[in-house]
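So the sequence shown is residues 1 to 304, counted in full-length UniProt numbering.
Note that the Cβ used here is the ideal one computed from N, Cα and C, for glycine as well.
On a predicted model such as this, the values are computed, not experimentally measured, just so you know.
So the structure is just underneath, and the comments pick up after that.
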Amino acid sequence: MRTVTSGRERLSNPKYERAFMETLQGRLDRCSINTATLGHREPLSVTIDRIAKAGFGGIAPWRHEVEAGDVRQMAKQIRAHGLTVTGYCRSTYLPAATRGEFEANIASNKAALHDAAELNARCFVMVVGGMPEGSRDICAARAQVSEGVAELLDTAKQVGVPLALEPLHPMYAADRSVLNTIAQALDLCERIDPKGASEALGIAIDIYHCWWDPDLFQSIQSAGMAHRILAFHVSDWLRDTDDMLLDRGMMGDGVVDLRALRRCVESSGYAEHVEVEVFSAKNWWRRDPDEILLACAERLQVVC
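Written as structure tokens, this is what we have:
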């Protein structure tokens, strides 16, 4: 079981104070690559080596990659490279049409939390799920999410891996997530884990999903004050995007003020890795993985 570093400890630790608000120029050690950015085209063992060789300090693997191999061997390889696992992606959706299916979803997530602990992941990313097939009851789906997160919290505390609720853009409310704003996620955190008593429940801020929110900066500040920010994901929103899932932009190619958002997140107390997560079936996933990593490195240092 790993030791969870609380938000209060991060704010008072000189190591993080030195990192606060600094430029990312020459600081790829503070940057992480979500393996989806490379398109899942190679075995995870190869991807781990690539990311480390490119100079990044962190990696965020996906479950299907880890579950296809030996989690202990992958954890050993990651440690050997000195990489931080900034997040483990992602949860099984929680809402279900039957009680049996709901309980199976909980069991799946509990098993994944144990793998996350083996990887020494800083958090387990919770994409909570949309409405069950055939349902028109979004309130019932949200109630199942609340129940499921509460049940998983005990396991998260036991294994030492915090749950990071990731709000998704409202266009995904039907099929992927009924949790759609940072404010909504914070409200859920406070209802399940008042005042962050367990330090095992927080949020992942992904700018692709939240950049549009008129209350974004206030919500980020509220999350920081509550010591709830566990992860920060960057990409860009293309003005002419033609696929809401698989046409994210590389940082600097879209409309998001990434530097202002990072400034807000870090001034709110977050001092961990900046994680790149780009889904791009028609563009970046068709390029050589090393070219993608080179672009990530350049854009993080120049644009973010």
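For E151 against A97, the beta-carbon gap comes to about 18 angstroms, at or over 8 angstroms, which does not count as contact. Under the 10 Å beta carbon count, D154 is surrounded by fewer than 16 other beta carbons and is classified as exposed. For A164, the enclosing beta strand (DSSP E) starts and ends at 163-165. Distance between C210 and M171, taken at the CA atoms: about 11 angstroms. By the Cβ neighbour-count rule, R79 is exposed, with fewer than 16 other Cβ atoms within 10 Å of its own. Taking C-beta atoms as the reference points, V85 and A204 fail to come closer than 8 angstroms.
Taking the C-beta atoms as reference points, R63 is found nearer than 8 angstroms to A112. DSSP places F217 in the helix class (H, G or I) of the three-state scheme. Under the DSSP assignment, S32 falls outside any alpha helix (DSSP H), being part of the beta strand (DSSP E) whose first and last residues are 31-34. Given a length threshold of 3 residues, each whole run of the beta strand (DSSP E) inside the region 151-218 is given here in chain order: 163-165, 201-206. Contact check for V149 against L163 passes: the beta carbons are separated by less than 8 angstroms.
In this structure, G87 places its C-beta atom within 8 angstroms of the C-beta atom of R122.
Around D175, the same chain offers G130 as residues with beta carbons nearer than 6 angstroms, after the five sequence neighbours per side are excluded. Counting along the chain, the unbroken beta strand (DSSP E) around L230 starts and ends at 229-234. Inclusion of I59 and L83 in the CB contact set at 8 angstroms is warranted, their separation being smaller than that value. Remark: fewer than three beta-carbon pairs, one from each stretch, lie closer than 8 angstroms, so the region 178-190 and the region 244-262 are not flagged as touching. Burial is judged here by how many other beta carbons sit within 10 angstroms of a residue's own beta carbon; R50 has at least 16 and is buried. Ranked by how close their Cα comes to the Cα of D243, the residues N283, R191, H114, D290 have N283 in first place.
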